[in-house]
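Let me begin by presenting the structure, written as C-alpha cells, before commenting on it.
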Amino acid sequence: MKDPSTIPEPQTLCPFCGSSLPDRAAFCPHCARSIRPRARRKAPRPLRKKFLYLASLLAAAAILSGGIWLSTRPQIVEGEGGVSYTDEDGSYQVIVAKSDGYYKPTKEVLHRAEAGQEYRFPMCVTFYDSKTGQNVSHAMGEKITSATVAIEPQQESGHPWKNTEPAYNAARPGCALTTLIDFRLESGDARLTWTLKMKNGDTLRMHTDLFIEEIPTAHYYPDATPMHTMEELQTLVDHISATVPHGTVIYIHLPAVTYEGDLFLDGRSLNLLGSQEGRTVFTGNTQVTADSGFICNFDSLDFLGDGSGIGLSASARLHLTNCTISGWKTGVLAYGRTWVNCMNCRFEDNQVGFHFNATDDAVSHTTYSDNEFINNGTAVLLESVPTDVSLKFPGSVFSGNGTDIDNRCDQDLDISQATFR
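In terms of numbering that gives the first Met the number 0, the sequence shown is residues 0 to 420.
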C-alpha cells in the first residue's frame, strides 16, 4: 500500500500554452491569458416599464368597472322644491308647484287663512326635459313605481295638515302627480316632502316649506250698523269698498228683511250671510262685478222674482250655499271671467235656472252638490264653461223641468249621482 504522501497531486495545465498551473488558478503566468471564462452580463430587462404598463391596465379596468357600478347603482337625489335628475334616457328638471307651467322649484308656499276656516290647495310634480324644456310628465310618470307625500308640522296642532294620495289628476293634465292638501290657520307651519321611487331603483326626494299667514277679518251686524233697507245696505257696501283694505275679508250679517231694488257689488269681494232667525230676501237684481280679492260667498239668501229679469248676475267669482232662486227669467247668470258654484241651493220656477256663459278660466269648485232644480223651463244651461274638468252633480235632484241640462258647449259632466224625475 502506497503512502498517500507519495501520490502526486493532480496538476492543472494551461489550455493555451500547456504550462503547469497551481490548482484553481484563474490566470496563466506563462502566456498571460485567463483560463476561466467570464460570465457575460445580460442586459437588464425593462421590468419597471412592464410593471407600470400592467398597473395602468389594472387601474383603467378598475375605473371602468367602478364607473359601470356607479352608473347602475340606485341613486338618491334630494332637493328643495325640485331636483335635477338623470337616468338612462336623459336629464330632467323635476319641479314641485301648484300646477304645471312653473319652471323654478317651489321652495316655499305662503297661504293666507282665516281663523276657523278650512282650505284646500294642490301641489303637483312636473317633469321637464333639461335640453328642450318640453313637458315629459306623462312619459316619466310611467317610470314611477310609488309616490308618497309627508307633511311634518313644526308644532302639534288639533287641526293637523291632511292630504290626498298623490295620483294623476285630470284637472292638471300637465302634471305627473297631484296631491290636494287641506289645512286651517290653526294647523301651523309645516314641511312638505315628496318621495318618488323609480323603476330603476332611484329615489327622488323634494321638500317645500309651508307657511300660513292669518287673514284679517271684519264683521258687520244689523244691531250695530244700518242695513235694514236697500239704500242702507248699498251705502254700507260702498263705504266698505272705499275704506277697508282689500286684504281684509268682509262679512255682512244681514237681518231677516225683504230688500226692494237692485244691489251692486262692484268695488271688492265680500260675503253676505242671511239671518238665522228668518229669511233674508232680495227682490231686485243683484250684480257681482268685483274683479279683485277673494271669492264672494252668499249664504242663506232668497232671490225671489216676478218672472222677469235676472235674479243674480256675476262676472266675479261667487259661491252660493243654502240659497233659493225662484221666479226669474234667468235665476243665476255667470258671465265674463268668472266661476259660479252652488251647493244646497233650490232653483224653482225660472225660465232658466242656472246659465253658465263664462269666457276665462277662473275655476274654483266644480262640484254642484245637493241642489234642487224644480219646475224650470231649463234647469241648467251650459253655453260656455272655461274648463275641461268634469262638472259633478252628486246628490242634486232634477224634477219637473222642461229641459234638465242644455249642454250646448259639450261640457264634460258627471251626473252619475244625480236624480232625475
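We put the CB at the ideal spot given by N, CA and C, even for glycine.
Bear in mind the structure is a predicted one, so any value in this text is a computation, not a measurement.
- In chain order, which continuous runs of the beta strand (DSSP E) of length 3 or greater are located wholly inside the segment 364-395? 371-373 and 377-383
- Message: In whole angstroms, give me the CA-to-CA distance for Gln416 and Gly394.
- Response: The residue given as residue 416 occupies position 417 in the sequence shown. The residue given as residue 394 occupies position 395 in the sequence shown. Straight-line Cα distance between these residues: approximately 6 Å.
- Can you give me the start and stop residues for the beta strand (DSSP E) that Ala149 sits inside? For the purposes of this step, residue 149 is taken as residue 150 along the sequence shown, with counting starting at 1. Its beta strand (DSSP E) spans residues Ile143 to Pro152.
- Residues that DSSP places opposite Gln92 in a beta bridge: Position 93 of the sequence shown, counted from the first residue, corresponds to residue 92. For Gln92, which the question treats as bridged, DSSP gives the partners Ser83 and Tyr127.
- Please list, in chain order, all residues of the same chain as Asn349 whose beta carbon is under 6 Å from its beta carbon, the five residues on each side excluded. Along the sequence shown, read from residue 1 onward, the residue named residue 349 stands at position 350. Only Trp327, Gly330 and Asn375 meet the Cβ criterion.
- Item | 8 Å Cβ cutoff met for Met342 and Asp298 | Locating residue 342 in the sequence shown gives position 343, counting from the first residue. Locating residue 298 in the sequence shown gives position 299, counting from the first residue. No, Cβ-Cβ distance for Met342 and Asp298 is not below 8 Å.
- Query: Between which two residues does the beta strand (DSSP E) carrying Val236 extend?
  - Reply: Taking the sequence shown and counting its residues from 1, one reaches residue 236 at position 237. Where Val236 is concerned, there is no enclosing beta strand (DSSP E), although the alpha helix (DSSP H) it sits in stretches over Met229 to Thr242.
- Query: Hey, Gly81 and Met205: beta-carbon distance below 8 Å or not?
  - Reply: Counted from its first residue, the sequence shown places residue 81 at position 82. Counted from its first residue, the sequence shown places residue 205 at position 206. The answer is yes: Cβ separation under 8 Å.
- Task: Name the one or two DSSP bridge partners that Trp193 has.
- Result: Taking the first residue of the sequence shown as position 1, residue 193 is located at position 194. According to DSSP, Trp193 bridges with Val148 and Met205.
- Beta-carbon gap between Arg111 and Glu212 smaller than 8 Å: As a first step, residue 111 is located in the sequence shown; it is residue number 112 there, counting from the start. As a first step, residue 212 is located in the sequence shown; it is residue number 213 there, counting from the start. Yes; because the gap between Cβ atoms is below 8 Å, this pair is in contact.
- Message: Taking the alpha carbon of Phe392 as the reference point, which residue from His218, Arg407 and Ile414 has its own alpha carbon closest?
- Response: In the sequence shown, residue 392 corresponds to position 393, counting from 1. For the residues His218, Arg407 and Ile414, the minimum Cα distance to Phe392 belongs to Ile414.
- Task: Determine, using beta-carbon pairs with one atom in the segment 148-155 and one in the segment 185-203, whether at least three such pairs fall under 8 Å.
- Result: yes
- Where Thr125 falls, given that 16 or more other Cβ within 10 Å makes a residue buried: One-based indexing of the sequence shown puts residue 125 at position 126. Buried.
- Item | Contact between the segment 228-236 and the segment 255-274 (3+ Cβ pairs under 8 Å) | yes
- Message: Quick check on Ser136: does DSSP put it in helix, strand or coil?
- Response: Locating residue 136 in the sequence shown gives position 137, where the first residue counts as 1. The answer is helix: DSSP assigns Ser136 an H, G or I state.
- Task: Enumerate in chain order the residues of its own chain whose CB-to-CB distance from Ala333 is below 6 Å, with the five nearest sequence positions on each side excluded.
- Result: For this step, residue 333 is matched to residue 334 along the sequence shown. Once the five neighbours on either side are set aside, the close Cβ partners of Ala333 are Ala313, Val339, Phe355 and Ala357.
- Query: Roughly how many angstroms lie between the CA atoms of Leu253 and Thr216, to the nearest whole one?
  - Reply: The residue you call residue 253 lines up with position 254 of the sequence shown. The residue you call residue 216 lines up with position 217 of the sequence shown. For Leu253 and Thr216, the distance between alpha carbons rounds to 17 Å.
- Task: Please list, in chain order, all residues of the same chain as Lys198 whose beta carbon is under 7 Å from its beta carbon, the five residues on each side excluded.
- Result: As a position in the sequence shown, residue 198 is number 199, starting the count at 1. Within the same chain, Lys198 has close Cβ partners Lys142 and Thr144.
- Apply the 10 Å Cβ neighbour rule to Thr418 and answer buried if 16 or more other Cβ atoms are within range, or exposed otherwise. Here residue 418 corresponds to residue number 419 of the sequence shown, with the count starting at 1. The residue in question, Thr418, is exposed, as its Cβ has fewer than 16 Cβ neighbours within 10 Å.
- Can you pull the DSSP bridge partners for Asp413? In the sequence shown, residue 413 corresponds to position 414, counting from 1. Beta-bridge pairing links Asp413 to Lys391.
- What's the gap between the Cα of Ile6 and the Cα of Cys27? Taking the sequence shown and counting its residues from 1, the one referred to as residue 6 is at position 7. Taking the sequence shown and counting its residues from 1, the one referred to as residue 27 is at position 28. The predicted position of Ile6 is uncertain, since its pLDDT is 43 and thus under 50; a value taken from the coordinates is nonetheless stated next. Looking at the two C-alpha atoms, the distance is approximately 25 Å.
- Task: Hey, could you find the ends of the beta strand (DSSP E) Gly325 is sitting in?
- Result: As a position in the sequence shown, residue 325 is number 326, starting the count at 1. In the sequence on display, residue 325 carries Ser and not Gly. Note, Ser325: beta strand (DSSP E), Thr323 to Ser325.
- Task: Please report the Cβ distance between Gly401 and Thr377, rounded to the nearest whole angstrom; I am assuming they are in contact, meaning their Cβ atoms lie under 8 Å.
- Result: Against the sequence shown, residue 401 aligns to sequence position 402. Against the sequence shown, residue 377 aligns to sequence position 378. Right, their Cβ atoms sit about 6 Å apart.
- Message: Check for me: the beta strand (DSSP E) holding Met342 runs from which residue to which?
- Response: The residue given as residue 342 occupies position 343 in the sequence shown. Residues Val339 to Met342.
- Message: What residue range does the beta strand (DSSP E) around Val248 cover?
- Response: Residue mapping note: residue 248 aligns to position 249 of the sequence shown, counting from 1. Counting along the chain, Val248 sits inside the beta strand (DSSP E) bounded by residues Val248 to His252.
- C-beta atoms of Ile214 and Glu113 nearer than 8 Å: Here residue 214 refers to the residue found at position 215 of the sequence shown. Here residue 113 refers to the residue found at position 114 of the sequence shown. The answer is yes: Cβ separation under 8 Å.
- Query: In three-state DSSP terms, what is Ser186?
  - Reply: Counted from its first residue, the sequence shown places residue 186 at position 187. Residue state, collapsed to three classes: helix.
- Proximal residues to Phe397 (C-beta, below 6 Å), its chain only, five neighbours per side dropped: Along the sequence shown, one-based indexing puts residue 397 at 398. Phe372, Ala378, Asp403 and Phe419, listed in sequence order.
- Message: Spatial neighbours of His364 within its chain, please: C-beta separation below 8 Å, excluding the five flanking residues on both sides.
- Response: Residue mapping note: residue 364 aligns to position 365 of the sequence shown, counting from 1. Contacts found: His318, Trp338 and Asn340.
- Query: Are there 16 or more other CB atoms within 10 angstroms of the CB of Gly461, so buried, or fewer, so exposed?
  - Reply: A query on residue 461 cannot be resolved here, the shown segment of the chain reaching from 0 to 420 and no further.
- Who are Glu213's beta bridge partners in DSSP? Mapped onto the sequence shown, residue 213 falls at position 214. Answer by DSSP bridge pairing, in chain order: Ala112.
- Could you spell out the range, first to last residue, of the beta strand (DSSP E) harbouring Asp301? Taking the first residue of the sequence shown as position 1, residue 301 is located at position 302. Leu300 to Leu303 is the extent of the beta strand (DSSP E) around Asp301.
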